[in-house]
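Following this note's numbering, the numbering of the sequence shown begins with 76 at its first residue and continues without gaps.
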Amino acid sequence: MIKDAASAMAAPADILDPSGGANQVRVRAYNERLVMSLVRRHGSLSKAEIARRSGLSAQTVTVIMRALEAEGLLIRGEPLRGKVGQPSVPMRLNPEAVYSLGMKIGRRSADIVLMDFVGGIRRQVRCTFPYPMPGLLLSFVEEGLAELQASMSPQERARIAGFGVAAPFELWSWASEVGAPQAEMDQWRGVDLEAEIARRVPYPVTLQNDATSACAAELVFGRGPHYPDFLYLFIGSFIGGGVVLNSALFTGRTGTAGAIGPLPVQGRDGETVQLLKIASIYRLENLLREAGIDPMPLWYSPDGWVDFGAPLQLWIDDVAAALAQAVIASASVIDFSAVIIDGGFPDWVRARVVDATKAAVARLDLQGVTMPEIVEGAVGSHARSIGGASLPLFSRYLPDQNVLFKELG
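Written as structure tokens, this is what we have:
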């Protein structure tokens, strides 16, 4: 349908310190989550491999995996033969065991997706608008949810874990940049979006910043397993980001760690401005409008862009120059192993942005800076929707190591 108009996000380490407490109910629940997280990270694992990676005993792993299989959360793969003894049977997550709903709220569009247990988008509805307003979005929640549920069986609806919302904080703050009347955008002040959606949705509702949610999706479903520490950059209507340290999402004291948009950078004219005033899609929208090109196709489908020619190339060059400064500034503070760049655009645009950023970095003074690897994101343009849908799954099926170690310590 198209209309015109963290604390529990930690990803598991491969090796858990097995110090004490194996009989505590809380720890047993953690161990079950740990097993599922290891299987999620590696695709499929045998009991012996899980025991080795987790530090749990073979007997404990056997009991846990039998229980998870009985609940339908794990399913058996084909036996692996060729070694002495009984064949090894890898276990993997059952994609249809659990579903989750996720909503992405942007400055020009909103999406609601139905996601399966392994991060696959099963169904999606979309709404576009000149600028986001509370009434419009809440109506979209009701209509979009009704449309998705109508296409599901009663059994599928019963397996929905929750409704996660990925939304920018302080939507009223950027009225001028998106061409919205400030008086209308001020309606967002005092709106408890999580509570308003919860009144309209028969599932648990979780709200998180959109860029943070996208970072969490990349951590679990994307390149996260390959990089223990990374800076994540998502170029949407406005650029945002996230920080991952020791394979866990770091949100900071106020939940805004990695909100890279306000970082000061030099623009093409030598003036210092915030990164978001250059490396954001709203800037491309303005360039297209100045060139007499209709910018609305930018918002119909993030994967359906055409090559807009000179305005697009100018935007990519400016984005890359600004991102290069941001990457060096960030790497000077934290020794990231990677900077992962993604955005609400097609893969071919992402590739051009990443290549241009690498070239821009090479032109700067790198003395004393240990440069991280600059790579493309693996989740893609739907990262915020997937991140939103992941929130209920994270809270129910991923371990929170900080809580566990606090209890055991």
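C-beta: ideal position from N, C-alpha, C; glycine also. Predicted model only: the values in this text are computed from it and were never measured.
- Contact annotation, T445 with A395: C-beta distance approximately 21 Å; criterion of less than 8 Å not satisfied.
- Within 10 angstroms of the beta-carbon of N284 lie 16 or more other beta-carbons, which makes it buried.
- Per DSSP, reduced to three states, the secondary structure at D422 is helical.
- Bounds of the alpha helix (DSSP H) holding G210 are 209 to 225.
- The three-state secondary structure of T137, taken from DSSP, is helix.
- By alpha-carbon distance to E171, the top candidate from S228, V402, L439 is S228.
- Distance check between Y302 and each of E252, D430, N169, D410 places D410 closest, using alpha-carbon atoms only.
- When secondary structure is reduced to three states using DSSP, R471 falls in the helix class.
- In the structure shown, the three-state DSSP call for T329 is coil.
- Less than 8 Å separates the beta-carbon of A464 from that of V188.
- Between L398 and L359, the CB-CB gap reaches or exceeds 8 Å.
- In this structure G239 is in contact with G177, their Cβ atoms being roughly 5 Å apart against a cut-off of 8 Å.
- Secondary structure note for S129: its alpha helix (DSSP H) is the uninterrupted segment 122 to 129.
- By a beta-carbon distance limit of 8 Å, D417 contacts E293. Their separation comes to about 7 Å.
- Restricting attention to G342, S288, V193, the CA atom closest to the CA of Q400 is found in G342.
- One thing to note: F420 has its Cβ within 8 Å of the Cβ of W380.
- DSSP places L373 inside the alpha helix (DSSP H), whose first and last residues are 372 to 375.
- Listed as beta-bridge partners of N284 by DSSP are A242.
- Contact check between the segment 349 to 356 and the segment 322 to 332: fewer than three CB pairs, one atom from each, fall below 8 Å, which does not count as touching.
- Residues A126 of the same chain have their beta carbon placed closer than 6 Å to that of A133, with the five preceding and five following residues left out of the count.
- In terms of Cα proximity to R364, the closest of W390, A332, M190, V280 is W390.
- Of the other Cβ atoms in all chains shown, 16 or more fall within 10 Å of the Cβ of D393; this residue is therefore buried.
- For A145, the three-state secondary structure derived from DSSP is helix.
- Between L168 and L149, the C-beta gap is smaller than 8 Å, which places the two residues in contact.
- In this structure, L246 keeps its C-beta atom at 8 Å or more from the C-beta atom of S405.
- Boundaries of the beta strand (DSSP E) harbouring R167: 166 to 168, taken from the DSSP string.
- Residues of the same chain with a CB within less than 8 Å of the CB of V114, apart from the 5 flanking positions on each side, are L120, I125, L149, M166, R167, L168 in chain order.
- In its chain, beyond the 5 residues on either side, F192, R234, A236 have a beta carbon closer than 6 Å to the beta carbon of V173.
- Looking at the DSSP output, P339 shares a beta bridge with Q349.
- S175 is classed as buried because its beta carbon has at least 16 other beta carbons within 10 Å across all chains shown.
- In terms of CA proximity to A221, Q199 leads the group M371, D344, Q199, A123.
- Residue pairing for G317: DSSP places it in a beta bridge opposite Y307.
- Nearest in C-alpha terms to V253, of all of F204, V429, G265, is F204.
- According to DSSP, R116 shares a beta bridge with no other residue.
- For E171, no beta strand (DSSP E) segment is defined, and its DSSP state is neither H nor E.
- Comparing alpha carbon positions, the residue from S214, R438, I415, P243 closest to R275 is S214.
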